[in-house]
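Residue numbers (this note's numbering), protein chains in the order written: chain C, -3 to 624; chain F, -3 to 624.
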């Protein structure tokens, strides 16, 4: 840690520093972030981009009282370092360490636990309206990236910004990047504006705003008019925001810390909402990250020269298994097209994009549009595959129900990051997809247990004349020892497969998806204790295999295992199935294992599985408990 | 039916008519719609507004091959009349009659079964990309209202319109109305443009576009440039669309049928997407509707002079019971604020808005923003009540999970139209809310059975330091004979109440919400057959009352009843609860009644309840079946 940073124990300490010192401090914080993330992994590039902005905001506002809202929130590291969490920062995203996203449970400086895009403006509007009604006047600032502001949720909020008749500052942090290059017309518009600006232009704009800035609370309104007028004359005002009637200032340089302070100071006195458009650079100050911004968006540990640490793993992830299988299938079927929403690499579509550029669509952070565009593609006769993380697919619930399921269109949803996700934590777990999808008529739900099954699951899905959802976790596929003959049997609608079947079995473990690994390990543990259990790989959550009924009728209890919430999950579907099929009372016993109704904090995925009770040992323990 | 309309059996027949005849035909269709809807009820005002536009579109395009996409779709009556459904039109929205919304099952002229806002542009993009990839060139037209185009889903689609490199026409049908006056900055922007235009301006714009219109396929691109240039000079081009790089034409008059035909004809030859902005008037040509557009947005039967038919019902709806209770509570608690998304009257908030104008927010068709603004309001210390129909709340799934449940904010969701909704049909049923909400940690789910319970449910909800969802149907509250002492007991977290309890009871009917009425009627039927059953009003779906376990332990079977899908519903929650609590095997028997996994078509609500098996007789029958 640097000399200056050593002395910063709260944002108040910033205010004792000169601008030059703040610049040095920014350098120290940047170094601290690079050093830490090189060990822990985490979101790097975006955090390096906003160090100066963060310092300037904390210098001007008092966020113990004032409210700072982060959009997505993965760029909050400098904020965490200067607010209460400097000493824990080296354990960021680790179990018991600080979250990689804002979290009110950690600090009063964090307002909302966030992780999805486009929420901060609407949250800020609500805060502002509430403050106004209660006669309060804490300042409110929302920091939104250019990739977030094109999300439908942001637009709906911007469209309603007129409700607010008091201060509310939106800082548009424009680094022309989402995880990947930002998509869509707005992005092109921003980059056109950006390209048309020289460094000199930015300085002129800044001084123009500053020159007309009102003196503390006096003549604010007239000053705004003057500022707006002079900027309009000098600069291409943002048509977009002007058409939405949002006072727009900028663009300005996001690294001139002295100017930023004066700008924030001035704008803090406005008595209505405004947008300040600032330019930053992802990865700022760390060359490897500036050069490869997608790679350093979210990274594992690395050497300080930017090289990845450790030998490249040869283990295959579910993500890459999906990507490979899709490319293979797409070679044989021209109807296959793929869509994603700003997560091409994250969902394993990189190779598909290269191979089939004309059949690949990235719509930016716009999950709702992705699904409705896929519906149109399916209607036209193609076979769209929509690859979106489980947690983000929640944004498309209504579109899947209405435009896909109701129309019975053959859209295949490939749901990555299904289940607990490890270090990203509560906002990123995908533990509700089975529930929200299985309520929809026509929808078929399945989950492969390994890469062999991934391929046949995908082939099966693409052959259906109905929507299909395939879920799989952020994890490696299990070792070959788990790839049994069972995996190789082709998928058949609503049929699971026995992976272990013993004559004297006392119970049946029924697993859904990747947790077959844990189920089989549990069976192994029990086997050593001379407790024979069957293991059934369900494959389908909808329709559920009706043969499970006969298991119960033979008097064997069932333990269902899934990496999903118990509420509405696969086990719940089994309960429903059994309940509706009973022709008479049977002594039945179904225990459902999965995530409880509570939010699971960040840590490692294996720790989280243990936590929610679907580790091998926990499964085995449950079997022991229920046996007579 | 008029003389001309008599002869129109398909859109081809239109093309034999002169423009003057088309005008007369529009008049006949308008009369036919008014006459029919005066008997059947239905969406009236919006349908009267677009008769000419519909005729002009069908005159120019061949929608057996070309694709016409309706946004929301409640304005498709003229379209239905001239495409295959003239003779069935008098049974619109009736059982077995045509749906009030587009439905591909009815006619090849309908592409998507729709009902929610903002979907048509993205669907059109998908269709266009799919057509292009397959070397097809059917024309594609999306008709979108000004209230729909401000929805986040529309914006995400507009932002991605650049993906399309071929013809795609968006007709922006601007009547400055959603169900109520459209909200937000865009709406203000549109109305500013609208007010600045005289009738003469509209004519000038039209002739300007027409003058530069390309000759069939020749020199299209240059012509576009000429048109755009000349319009830019004459008219305030739409900043909004320009900033999104969407070629924008208009505004023009939506009733000059001859000009509309020439405009559509010309624009159909463009080889890239474009927007044509047309002005129409809700209720056009029917004075009572022009004067009171909200009233005639969706209406019951009425006299041709506009008066409602029949004596005003004195029966209270769940909706008005909610509205009244909220006003009463808000008088005592200043922290209570209410939000809705373009359905103030539909959700019973009219009185609240009048009484507490400063505590009421309508955000337009922007369900996601509504919830995030509510989250901010709650965070600021207020008690927001969000009133949105169940089917539309699906748009807010992610916001409720992330910004409300994860933060454990005290937002109260008042979910109207929960359950089957009658005449609006498949796109409007609210049969998934229990499922998607009960997966979220911190969320409390309850449902009142009548107006007495509505009041105490709401009071209970507003007293919680956690999010609460209250669901109720589009129905009247039951007669007083159902209001028993049980209803008057205050709500207690996770506790249901016995409404009927008999010593010799053979089974327990456990109902959730308004279907307590059906449950009690079923008990009445069974009682006459000397079959004694208990009736338990569960009140809570989360947490489920644990005492149900002891019922099973006494050997009594349970029949759960709900107006929700069986998948993931209340009964499913009971199954999960019992499964997790069993300390040893019991002979248990739980039968879950609710909607099956299929889409329920439009008809009456009582018919639909019968259809899904939760009518009194069907419940009674199920009890008979399972008794030993």
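For every residue, glycine included, the Cβ atom is placed at its ideal position computed from N, Cα and C.
Contact between the region 135 to 155 of chain F and the region 102 to 117 of chain F is established, with three or more Cβ pairs separated by less than 8 Å. The C-beta of residue 11 of chain C has fewer than 16 other C-beta atoms within 10 Å across all chains shown, which makes the residue exposed. At least one CB of chain C lies nearer than 7 Å to the CB of residue 402 of chain F.
At a cut-off of 7 Å, the C-beta of residue 152 of chain F has a neighbouring C-beta in chain C.
For the region 238 to 259 of chain F, residues whose beta-carbon sits nearer than 9 Å to a beta-carbon of chain C comprise 238, 239, 240, 241, 242. The count of Cβ pairs closer than 8 Å, one atom from the region 155 to 163 of chain C and one from the region 79 to 96 of chain C, stays below three, leaving the stretches out of contact.
Of the residues C/411, C/390, C/385, C/377, the one whose Cα lies closest to the Cα of residue 404 of chain C is C/377. The DSSP-derived three-state label of residue 451 of chain C is helix. If you draw a straight line from the Cα of residue 313 of chain C to the Cα of residue 468 of chain C, it comes to about 10 Å. Residue state for residue 116 of chain C is assigned as helix, using DSSP reduced to three classes.
Taking C-alpha positions only, residue 3 of chain C is separated from residue 52 of chain C by approximately 17 Å.
Within chain F, the residues whose beta carbon sits less than 7 Å from that of residue 437 of chain C are 593, 594, 595, listed in sequence order. For residue 79 of chain F, the nearest beta carbon of chain C is not closer than 7 Å to its own beta carbon. A Cβ-Cβ separation of about 7 Å places residue 279 of chain C in contact with residue 45 of chain C under the 8 Å criterion. The beta-carbon of residue 180 of chain C is placed less than 7 Å from the nearest beta-carbon of chain F. DSSP, read as helix, strand or coil, puts residue 295 of chain C in strand. Among the residues of the region 180 to 199 of chain C, those with a Cβ less than 7 Å away from any Cβ of chain F are 180, 181, 182, 184, 185, in the order of the chain. In the three-state reduction of the DSSP assignment, residue 242 of chain C falls in the coil class. With distances taken between CA atoms, residue 179 of chain F lies nearest to F/366 out of F/414, F/388, F/366, F/510. At the C-beta level, residue 25 of chain F and residue 43 of chain F stay beyond 7 Å of one another. In the structure shown, the three-state DSSP call for residue 7 of chain C is helix. Assignment of beta strand (DSSP E) within the region 452 to 506 of chain C, counting only whole runs of 3 or more residues, yields 464 to 467, 493 to 496 in chain order. The alpha-carbon of residue 455 of chain C is positioned some 35 Å away from that of residue 39 of chain C. The residue from C/319, C/338, C/604 with its alpha-carbon nearest to that of residue 332 of chain C is C/319. Counting along the chain, the unbroken beta strand (DSSP E) around residue 558 of chain C starts and ends at 554 to 561. For residue 333 of chain F, the beta-bridge partners assigned by DSSP are F/380. Around the beta carbon of residue 542 of chain F, fewer than 16 other beta carbons lie within 10 angstroms, which makes this residue exposed. Contact annotation: in the region 112 to 123 of chain C, residues whose CB is within less than 9 Å of a CB in chain F are 112, 114, 115, 116, 117, 118, 119, 120, 121, 122, 123. Here the alpha carbon of residue -1 of chain F sits roughly 47 Å from the alpha carbon of residue 392 of chain C. Between residue 372 of chain C and chain F, the shortest Cβ-Cβ separation is below 7 Å. Below the 8 Å Cβ cutoff, chain F contributes 126, 130 as neighbours of residue 377 of chain C, in chain order. When DSSP states are grouped into helix, strand and coil, residue 165 of chain F belongs to the strand group.
Close CB contacts of residue 493 of chain F within its chain, under the 6 Å cut and outside five residues either way in sequence, are with 482, 485, 533 (chain order). Not one beta carbon of chain C lies nearer than 7 Å to the beta carbon of residue 133 of chain F.
Interface residue (Cβ-Cβ distance to chain F less than 7 Å): residue 205 of chain C is not classified as such. Annotation for residue 544 of chain F: the continuous alpha helix (DSSP H) segment containing it runs 544 to 549.
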